[in-house]
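Note sheet for the following structure.
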Amino acid sequence: MALLWLLSCLALAGFARCGVPAITPVIRGYNRIVNGEPAVPGSWPWQVSLQRYDGFHFCGGSLISENWVVTAAHCGVRKTDTVVVGAYDQNAPGPDQQELKIEQVFKNPKFNMLTIHDDITLIKLATPAQMSDRVSPVCLPKATDEFPGGMTCVTTGWGLTDSSASHTPAVLQQVALPLLTNAQCKEFWGFRIRDVMVCAGADGASSCM
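Just so we're aligned: the sequence shown equals residues -18 to -1, 1 to 191 in mature numbering (1 follows the signal peptide of the UniProt record, and there is no 0).
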């Protein structure tokens, strides 16, 4: 049975001004983050790592401008946490890695942990991220944009590569997944699915935080 997750994903379309990495990603097809593949270093320059005071990675996010990051409300981000941009290997910080303090956290007040509705948080950085080939923002979709079933997207992160694994991978992982229609997604998730959500998944392919 297909494992389906609600994803914040980048559709592989030709964005003109943002969402275009200076370092080209290499995606080998429908592999999976559960048994996923390492990304090319720097090829997802908007990927951020959210870390606790002790450096523990607990969630991912996306850089949407030099001052703002978007993530999931269920991550429970606090002002004492750190936003790390330009990260690739959690065990070996690279020269492009920046550790940024948080000025303010804006969690959607309508977020519901039981239904996972309105699962979004905005993070305002205390200092701007310095843009480079390995640090740049992703595109924000327009309200009128459509993402039809069958379109390919990519999800990235440091999630578990095996459901029985005790540790997350050190290096950034990636997986290409097809988008599903909401009708298809409702067959598995029922009432949790709303029209404002984007659903993706493939047989044996999944992502998790």
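Glycine residues also receive a C-beta, built at the ideal position from the N, C-alpha and C atoms.
The stretch 76 to 84 makes contact with the stretch 105 to 122; the number of CB pairs closer than 8 Å reaches 3 or more. A residue is called buried when at least 16 other Cβ atoms come within 10 angstroms of its Cβ; PRO27 meets this threshold and is buried.
With a cutoff of 7 Å on beta-carbon distance, VAL117 and ALA111 are scored as near each other.
For GLN80, the enclosing beta strand (DSSP E) starts and ends at 80 to 89. Here GLY43 is near THR53, since their CB atoms are less than 7 Å apart.
Runs of the alpha helix (DSSP H) spanning 4 or more residues and lying entirely within the stretch 30 to 55 do not occur at all. Ranked by Cα distance from GLY37, the first of THR97, GLN29, VAL22 and THR62 is THR62. Between the C-alpha atoms of SER25 and ASP115 there is a straight-line separation of about 9 Å.
Rounded to the nearest whole angstrom, the CA to CA distance from GLU169 to THR163 is 10 Å. Residue state for GLN156 is assigned as strand, using DSSP reduced to three classes.
Checking the DSSP bridge columns, you'll see LYS168 has no partner listed. Assignment of CYS135 by DSSP, reduced to helix, strand and coil, places it in the strand class.
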